Amino acid sequence: MFILNRKKVLLISIFFILIGIFLRFYQLNFENYWLDELADFWVADPNITLHATFVRRELVDDQTPYLFQLFLKIYLKFFGYDPEIGRHVPFFFGVLLIPFIGVLSYQVAKNNSFLFTILLVSLNIYLIKYSQETRTYTLTFLLSTINLIFYYKIISSDLIGFKRIYIFFLFVIFSVLSLSSQPFVFIVLFSQIAYSVYSFFIFKKKNYLFFLSVIFILITYLVINYNYLITQLSYNEYFLLHEDWKFYFDYYFSRFFGSKIMGLIYLSTLIFLIIRFRKMILFTSNNYLPLIFILFFSYIIPLFYGLIKVPVLTDRYIMFVLIPIFILISALIFKIDNNKLKIFLFISILIPTIINNYIEIQFRKNTKPEFTKLLNILEKHETKNLTIYGPKAPEVIDEVIENYILSVKVFKNKNFKILNIDNISSDTKMLWVICYEPVMGYDCNISSDKRKNWILNETKKLYLLKAQLYEIKN
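Numbered continuously in the numbering used here, the sequence shown closes out at residue 903.
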């Protein structure tokens, strides 16, 4: 569509990446931590031993792999145990994935469509928000992208000599790392195997080096993660429900792209492009087909697992499905010969994406407990005694929440104290009781045996949090 020299391509790439960096850094700590982030932050405490970290994982019944927590623990060890500093880790992964998906996109299409991929990824509100959440998801996305870069290299026909060994080991390493960040990445590995088998029979492509690498990947992964994998497979119950009928008209695209209308735009564009180029994609040897396999199996495998055992499908678990979505849309638009249609598709995706991005950021609403805002409100009160109340939750959850509050700057700077609700001293006259509503089933009433001589004076209610000020009559 446009002929650009290398210098211009480089400058445009850098500009688009800088947009992505800015959008991920802006409002980085707009929200406080929610329960899963609180648990990761507690588990990754750099002031405890590695053994204690794994003990804490068991105490909170952590079902996510430990790789992200190890990265978080190391980073907090060097830069300080602070929730705002913890947000740097997903931010860095969220930034790094932008140039890497650009590299992968160029590998697939061999043209400047990778610039459009970089721009769409930089602007994607879903990836922006997960780059601001202290969880494993941006790490998984980054490692899956790198894994696919080396997958395309290992199945290429121009590997010779030492380069074969070099690429082989890099592919094995990043495959194991990506699988260790999120077990759902097995979908990517399965898709790679399925495509390699398909191309062997249909296109007579002998990807022996890849098949050999699969053996090394599985053995290495099982050595490192055997206990974790067996534990995950043993679950017969999970917090998710089966997908309702609406899922089959949306496939999480409204979540991936910020709204129902944005999801419809991206989904309809993707379907149109795949249908338009179906013969080229399905019946010729090309770089698009592996992405189609990932796209297909990312939904089919979790849905099938849900039918035979327990529902496990939700959008963030298959976030890597955005990799084929972005690349296929960008690359296939570039393949359209009709310039008017090509420009129309560019505009129909890019303009709504920019508008939606602006609306999402400018009018962003808080969706997580407002600990910092609550402490700022309580700081103006003469009473600085706090206690965490959550008898309906496991005792460790109180410790997880307390650990976070103790680490927040406003708590450390304003002379707050946290007291044990079961051991309130006789000289304590006033006390703020803080309740994190989700772990209490949204019922923060204190049992009568604990508040026999307590008089409720004041209540502060914020999103997912309630603070009640009691006067204690001894």
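Virtual Cβ for every residue (Gly too), placed ideally from N, Cα, C.
Fair warning: this is a prediction, and the values are worked out from it, not measured in the lab.
Assuming Ser534 contacts Phe522 (C-beta within less than 8 Å), just tell me the rounded distance between them. Contact flag wrong, Cβ pair sits at about 18 Å.
According to DSSP, simplified to helix, strand and coil, what is Thr883? With the sequence shown as reference, residue 883 is identified as Trp, and Thr is not the correct amino acid for it. The answer is strand: DSSP assigns Trp883 an E or B state.
Write down every uninterrupted run of the alpha helix (DSSP H) in the region 468-500 whose length is 4 residues or greater and which is fully enclosed by it, in chain order. 479-488
Considering just the uninterrupted stretch of the alpha helix (DSSP H) at Tyr655, what are its terminal residues? 637-663
Beta-carbon within less than 7 Å of Phe615's beta-carbon, same chain only, minus the 5 sequence neighbours each way: which residues are those? Leu608
What residue from Lys633, Phe685, Phe640, Thr796 has the CA that sits closest to Ile752's CA? Phe685
So is Val626 buried or exposed if we call it buried at 16+ other beta carbons inside 10 Å? exposed
Less than 8 Å between the beta carbons of Leu638 and Ile583, yes or no? yes
For the pair the region 715-726 and the region 656-674, tell me if three or more CB-CB distances fall below 8 Å. no
Quick check: the region 503-511 against the region 478-495, are there 3 or more CB pairs under 8 Å? no
Enumerate in chain order the residues of its own chain whose CB-to-CB distance from Phe629 is below 6 Å, with the five nearest sequence positions on each side excluded. none
Below 8 Å on the Cβ atoms is my guess for Arg563 versus Phe668; work out the distance and round it to an integer in Å. Note that residue 563 corresponds to Thr in the displayed sequence, not to Arg. Contact flag wrong, Cβ pair sits at about 20 Å.
Restricting to Cα atoms, I'd like to know which of Lys769, Thr801, Ile596 is closest to Ser585. Ile596
Determine the DSSP secondary structure at Thr888, reduced to helix, strand or coil. strand
Could you spell out the range, first to last residue, of the alpha helix (DSSP H) harbouring Glu460? Taken as a continuous stretch (DSSP letters only), Glu460 belongs to no alpha helix (DSSP H), as it is neither H nor E.
What are the start and end residues of each continuous beta strand (DSSP E) run of 3 or more residues lying completely inside the region 818-870, in chain order? 859-865
Among Ile530, Ala473, Leu556, Tyr728, which one has its Cα closest to the Cα of Leu505? Ala473
Would the region 820-828 and the region 868-878 be scored as touching if the rule is three or more Cβ pairs under 8 Å? yes
Host alpha helix (DSSP H) of Tyr595 (start-end): 591-610
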